[in-house]
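Report on the structure given below.
In the numbering used here, the protein residues as written are 69 to 201.
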């Protein structure tokens, strides 16, 4: 996985409830695990912007409820610093669901703004975003 051009702060823990920012049918999801994450023994994993996570659907279409999907974190409320010196934060925490492990999104559009770090690591997800900040 390619690195991002920011000093991103680990913002979301396992068990965090976040919004699904796409039109896949899920509305609210819960972070179950962090894929390819690095951590310390005995410490709970956390994730940052543009990380690959596993999520469980909590609210949305009835046939999707309880299903587990891969997702990408597209927005976090915790401020993080870019290498230019500016600090970026969003109004909510949000993820975009993935169809497969190659990074293809499950949805056809993403609602709201998406961080620029997403386009560095997940090109297909950035293509369907309405705004990249």
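Beta carbons: idealized from backbone N, C-alpha and C, even for Gly.
In terms of DSSP beta bridges, what is residue 137 paired with?
Per DSSP, 123.
Just to confirm, are residue 117 and residue 188 a CB contact at a threshold of 8 angstroms?
Not a contact, by the Cβ cut-off of 8 angstroms.
Report the residue from 190, 126 and 130 whose alpha carbon sits nearest the alpha carbon of residue 140.
Of 190, 126 and 130, the residue nearest in Cα terms is 190.
Roughly how many whole angstroms lie between the Cα atoms of residue 104 and residue 121?
Rounded to whole angstroms, residue 104 to residue 121 spans 9 angstroms at the Cα level.
Using the beta-carbon count (16 or more within 10 Å), is residue 198 buried or exposed?
Classification for residue 198: exposed.
Are residue 193 and residue 173 touching if we call contact CB-CB under 8 angstroms?
Cβ atoms of residue 193 and residue 173: closer than 8 angstroms.
Candidates 132, 200, 100 and 170: which alpha carbon is nearest residue 86's?
Comparing Cα-Cα distances from residue 86 to each of 132, 200, 100 and 170, the minimum goes to 100.
Classify residue 182 as buried or exposed, calling it buried when 16 or more other Cβ atoms lie within 10 Å of its own Cβ.
With 16 or more Cβ atoms within 10 Å of its Cβ, residue 182 is classed as buried.
On a CA-only basis, which of 185, 93, 161 and 195 is nearest residue 80? Give me that one, please.
The candidate whose alpha carbon is nearest that of residue 80 is 161.
By DSSP, does residue 82 sit in helix, in strand, or in coil?
Looking at residue 82 - three-state DSSP - the assignment turns out to be coil, as it is neither helix nor strand.
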